[in-house]
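Chemist: Heads up, the sequence shown stops at 367 in this note's numbering, and the numbers go up one at a time, no gaps.
A virtual CB, placed ideally from N, CA and C, is assigned to each residue, including glycine.
Quantities reported herein were computed from a predicted structural model and do not represent experimental measurements.
First, the structure itself, so that you have it in front of you.
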Amino acid sequence: MRLPHRFFLCALLLLPLAAQEAIGEPRLKRVEAQVQGLRWELDALRKAADDQLWFQRLSDVAVVDKVTYTGPPNPRGEETYGIKNERHPLKIQQYVFIPRQAASGKRPLIVLPHGGVHGDFGTYHVHIIREMIQRGYIVIAPDYRGSTGYGKGFYEAIDYGGLEVDDVVAGRDWAVEHLPVDPKRCAIVGWSHGGLIALMAVFDHPEKFAVAYAGVPVSDLITRLGYIGSSYVAEFSAPYHIGKEPKDAVEEYRRRSPVWNVQKLRTPLLIHTTTNDRDVNVVEVEMLINALKAAGKTFEHKIYKDAPGGHSFNRIDTALAHESRNEIYQFLEKHLK
Numbered sequence: 031m032r033l034p035h036r037f038f039l040c041a042l043l044l045l046p047l048a049a050q051e052a053i054g055e056p057r058l059k060r061v062e063a064q065v066q067g068l069r070w071e072l073d074a075l076r077k078a079a080d081d082q083l084w085f086q087r088l089s090d091v092a093v094v095d096k097v098t099y100t101g102p103p104n105p106r107g108e109e110t111y112g113i114k115n116e117r118h119p120l121k122i123q124q125y126v127f128i129p130r131q132a133a134s135g136k137r138p139l140i141v142l143p144h145g146g147v148h149g150d151f152g153t154y155h156v157h158i159i160r161e162m163i164q165r166g167y168i169v170i171a172p173d174y175r176g177s178t179g180y181g182k183g184f185y186e187a188i189d190y191g192g193l194e195v196d197d198v199v200a201g202r203d204w205a206v207e208h209l210p211v212d213p214k215r216c217a218i219v220g221w222s223h224g225g226l227i228a229l230m231a232v233f234d235h236p237e238k239f240a241v242a243y244a245g246v247p248v249s250d251l252i253t254r255l256g257y258i259g260s261s262y263v264a265e266f267s268a269p270y271h272i273g274k275e276p277k278d279a280v281e282e283y284r285r286r287s288p289v290w291n292v293q294k295l296r297t298p299l300l301i302h303t304t305t306n307d308r309d310v311n312v313v314e315v316e317m318l319i320n321a322l323k324a325a326g327k328t329f330e331h332k333i334y335k336d337a338p339g340g341h342s343f344n345r346i347d348t349a350l351a352h353e354s355r356n357e358i359y360q361f362l363e364k365h366l367k
């Protein structure tokens with residue numbers, strides 16, 4: 031039986047140091063580069079497998095598709111053939127879910143940006159999409175720049191709290207142009223990092239969204255990077271991202287944080303959090319709530335007491351989660367009429 035070439039690459043990395051030295055450093059570096067490339071291949075394979083699950087698990091209630099549109103150019107992209115970055119918009123892929131039983135005419139839209147630094151829109155969300163579809167919404171979910179599953183270049187195009195927000199808004203605009211969507215009945219819903227995107231999207235583009243929901247939202251990157259640990263700081267200070275730690279780029283981190291942009295709120299907003307969140311500490315969300323109040327903004331919020339599930343409390347399958355999501359849907363329906 032012939033073993034795959036990649037088997038030998040992985041085995042080589044397990045060789046004793048003396049054996050590695052015998053091979054020679056240049057060759058070892060080539061092997062390491064190949065193994066690193068394997069990471070991106072496996073990432074794309076995982077993504078392709080998860081995409082198939084979307085079709086299998088939701089095709090009974092929705093027409094499921096995945097489309098490609100463009101967002102702003104990647105400012106760190108390399109000029110090629112004399113074509114500068116500003117002439118080369120970044121390609122973004124987006125999931126589209128249209129109810130099979132949708133009535134004729136324009137329908138309300140939910141834009142659902144995923145969470146996680148370098149995350150992606152996975153089938154973790156199937157039950158939530160199903161609920162939205164059954165309520166008659168068209169749902170779109172963009173895998174904005176920095177998402178996983180699309181290779182190293184797209185991964186390193188990350189712009190947390192910056193151009194990724196423009197990618198999501200561009201996804202909304204694509205839907206209005208190409209789908210039977212009522213442009214006056216567009217909502218944006220997000221949790222965690224997706225909650226930050228939802229907030230920043232309505233802060234900067236209030237005319238494009240009639241209502242917003244932010245669940246356990248990342249609210250202040252300066253505070254967050256101060257309590258969550260060095261590995262998280264490294265994600266943001268990487269050369270291909272912000273490139274500096276918060277202490278060296280305070281204004282840049284503020285620009286990307288909802289708590290420093292609350293004065294721009296003009297959209298009906300609901301915020302949820304819980305006191306036992308081990309990811310986005312409740313104190314961070316309380317800072318957002320207090321800043322909105324200080325700015326004289328009208329919004330709704332609820333702080334749950336040690337809700338089962340913590341950071342994921344209203345995205346799981348408990349009775350409390352269903353109750354909380356029903357509060358979200360009622361809030362959306364009130365403002366989308």
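Tell me whether V147 sits in a helix, a strand or coil according to DSSP, three-state version.
Modeler: Counted from its first residue, the sequence shown places residue 147 at position 117. V147: coil per DSSP, three-state reduction.
Chemist: Below 8 Å on the Cβ atoms is my contact criterion, and I expect V93 with C216 to pass it. Report the Cβ-Cβ distance as a whole number of Å.
Modeler: Working through the sequence shown from its first residue, we reach residue 93 at position 63. Working through the sequence shown from its first residue, we reach residue 216 at position 186. That pair is no contact at about 19 Å.
Chemist: Do you know how far the Cα of F151 is from the Cα of S177?
Modeler: Translated into positions along the sequence shown, residue 177 becomes position 147. Translated into positions along the sequence shown, residue 151 becomes position 121. Going by the C-alpha atoms only, they are around 8 Å apart.
Chemist: If I follow the unbroken beta strand (DSSP E) through L299, where does it start and stop?
Modeler: To locate residue 299, count along the sequence shown from 1; it is residue 269. Here the beta strand (DSSP E) through L299 covers 299-304.
Chemist: Tell me, please, which residues DSSP counts as bridged to A228.
Modeler: Stepping through the sequence shown from its first residue, residue 228 is reached at position 198. Paired residues: none, contrary to the question.
Chemist: Can you find at least 3 beta carbon pairs, one from the region 298-317 and one from the region 233-253, that sit closer than 8 Å?
Modeler: Because the criterion of three Cβ pairs below 8 Å is met, the region 298-317 and the region 233-253 touch.
Chemist: Could you have a look at F361 and say whether DSSP puts it in helix, strand or coil?
Modeler: Against the sequence shown, residue 361 aligns to sequence position 331. DSSP places F361 in helix when its eight states are reduced to three.
Chemist: Taking DSSP's pairing of strands, which residues face T110 in a bridge?
Modeler: Here residue 110 corresponds to residue number 80 of the sequence shown, with the count starting at 1. In the DSSP output, where bridge partners are listed per residue, T110 has I113.
Chemist: Inspect the beta-carbon positions of P213 and T297 and report whether they are closer than 7 Å.
Modeler: What you label residue 213 is simply residue 183 of the sequence shown in a count that begins at 1. What you label residue 297 is simply residue 267 of the sequence shown in a count that begins at 1. Result no, Cβ atoms of P213 and T297 do not sit closer than 7 Å.
Chemist: Given this structure, state the Cα-to-Cα distance separating F184 from L120, to the nearest angstrom.
Modeler: In the sequence shown, counting from the first residue as 1, residue 184 sits at position 154. In the sequence shown, counting from the first residue as 1, residue 120 sits at position 90. So the two alpha carbons sit approximately 9 Å from each other.
Chemist: Within the continuous alpha helix (DSSP H) that includes Q164, where are the two ends?
Modeler: In the sequence shown, counting from the first residue as 1, residue 164 sits at position 134. Per DSSP, Q164 belongs to the alpha helix (DSSP H) from 156-164.
Chemist: In the DSSP assignment, find the unbroken alpha helix (DSSP H) run with I333 in it and report its ends.
Modeler: Taking the first residue of the sequence shown as position 1, residue 333 is located at position 303. Segment 330-334 is the beta strand (DSSP E) holding I333; no alpha helix (DSSP H) there.
Chemist: Going by the DSSP bridge assignment, what does D95 pair with across the sheet?
Modeler: Here residue 95 refers to the residue found at position 65 when the sequence shown is read from its first residue. Paired residues: V126.
Chemist: Return helix, strand or coil for Q50, following the three-state DSSP convention.
Modeler: In the sequence shown, the residue the question calls residue 50 occupies position 20. In this predicted model, Q50 has a pLDDT of only 49, less than 50, meaning its place in the structure is not dependable; the value taken from the coordinates is given anyway. Q50: helix per DSSP, three-state reduction.
Chemist: How many Å lie between Y167 and A187 at the Cα?
Modeler: What you label residue 167 is simply residue 137 of the sequence shown in a count that begins at 1. What you label residue 187 is simply residue 157 of the sequence shown in a count that begins at 1. Looking at the two C-alpha atoms, the distance is approximately 31 Å.
Chemist: Using CA coordinates, which residue listed in Q123, Y125, G107, V126 is at the minimum distance from R117?
Modeler: Working through the sequence shown from its first residue, we reach residue 117 at position 87. If we check each option's Cα against that of R117, G107 comes out closest.
Chemist: If you follow the beta strand (DSSP E) that R137 is in, where does it begin and where does it stop?
Modeler: As a first step, residue 137 is located in the sequence shown; it is residue number 107 there, counting from the start. First-last of the beta strand (DSSP E) with R137: 137-141.
Chemist: In whole angstroms, give me the CA-to-CA distance for H223 and T328.
Modeler: Here residue 223 corresponds to residue number 193 of the sequence shown, with the count starting at 1. Here residue 328 corresponds to residue number 298 of the sequence shown, with the count starting at 1. Computed Cα separation, rounded: 23 Å.
Chemist: Assign V280 to one of two classes, buried (16 or more other C-beta atoms within 10 Å of its C-beta) or exposed (fewer than that).
Modeler: Residue mapping note: residue 280 aligns to position 250 of the sequence shown, counting from 1. It is exposed - the Cβ of V280 has fewer than 16 other Cβ atoms within 10 Å.
Chemist: Are there three or more Cβ pairs, one per stretch, closer than 8 Å when the region 348-359 is compared with the region 154-165?
Modeler: Yes: the two stretches touch, three or more of their Cβ pairs being nearer than 8 Å.
Chemist: If you measure from the CB of I258, is any heavy atom of the ligand ADP nearer than 6 Å?
Modeler: Looking at this structure, you won't find the ligand ADP or any other ligand, since it has none at all.
Chemist: Expressed to the nearest angstrom, what Euclidean distance is found between the alpha-carbon atoms of D189 and S287?
Modeler: Indexing the sequence shown from 1 puts residue 189 at position 159. Indexing the sequence shown from 1 puts residue 287 at position 257. Using only the alpha carbons, I get a separation of about 12 Å.
Chemist: Between A242 and A228, which are expected to be in contact by the criterion C-beta below 8 Å, what is the C-beta distance as a whole number of angstroms?
Modeler: The count along the sequence shown starts at 1 and reaches residue 242 at position 212. The count along the sequence shown starts at 1 and reaches residue 228 at position 198. Between A228 and A242 the Cβ distance is about 5 Å, and since that is below 8 Å, they are a contact.
Chemist: Nearest by alpha-carbon distance to R87: which of I163, T98, P105, V232 is it?
Modeler: Start at 1 with the first residue of the sequence shown, and residue 87 comes out as number 57. Among I163, T98, P105, V232, the Cα nearest to that of R87 is on I163.
Chemist: Can you say whether S342 is buried or exposed, counting buried as having 16 or more other CB atoms within 10 angstroms of its CB?
Modeler: Here residue 342 refers to the residue found at position 312 of the sequence shown. By the 10 Å Cβ count, S342 comes out buried.
Chemist: Taking the straight line between their C-alpha atoms, what separation do you get for A133 and T110?
Modeler: Translated into the one-based positions of the sequence shown, residue 133 becomes position 103. Translated into the one-based positions of the sequence shown, residue 110 becomes position 80. In a straight line, the C-alpha of A133 is about 47 Å away from that of T110.
Chemist: State yes or no: is the C-beta of R165 within less than 7 Å of the C-beta of P210?
Modeler: In the sequence shown, counting from the first residue as 1, residue 165 sits at position 135. In the sequence shown, counting from the first residue as 1, residue 210 sits at position 180. No, the pair does not count as a contact, with Cβ atoms beyond the cut-off.
Chemist: Any idea what DSSP makes of G245, helix, strand or coil?
Modeler: Walking along the sequence shown from the start, residue 245 turns up at place 215. Three-state DSSP puts G245 in a strand.
Chemist: Who pairs with A171 in a beta bridge, going by DSSP?
Modeler: What you label residue 171 is simply residue 141 of the sequence shown in a count that begins at 1. Bridge partners of A171: Y125.
Chemist: Checking the sheet assignment: what are the DSSP bridge partners for P119?
Modeler: Position 89 of the sequence shown holds residue 119. Bridge partners of P119: P103.
Chemist: Give the single residue among V169, K335, A325, L139 whose Cα lies nearest to the Cα of N306.
Modeler: The residue labelled residue 306 in the question sits at position 276 within the sequence shown. Closest by alpha carbon: K335.
Chemist: On the premise that I122 lies in contact with Y174, defined as a C-beta separation below 8 Å, what is that separation, rounded to the nearest angstrom?
Modeler: Mapped onto the sequence shown, residue 174 falls at position 144. Mapped onto the sequence shown, residue 122 falls at position 92. Indeed, because the Cβ distance is near 6 Å, the residues count as touching under 8 Å.
Chemist: Is DSSP giving D212 helix, strand or coil here?
Modeler: Here residue 212 corresponds to residue number 182 of the sequence shown, with the count starting at 1. It is a strand residue.
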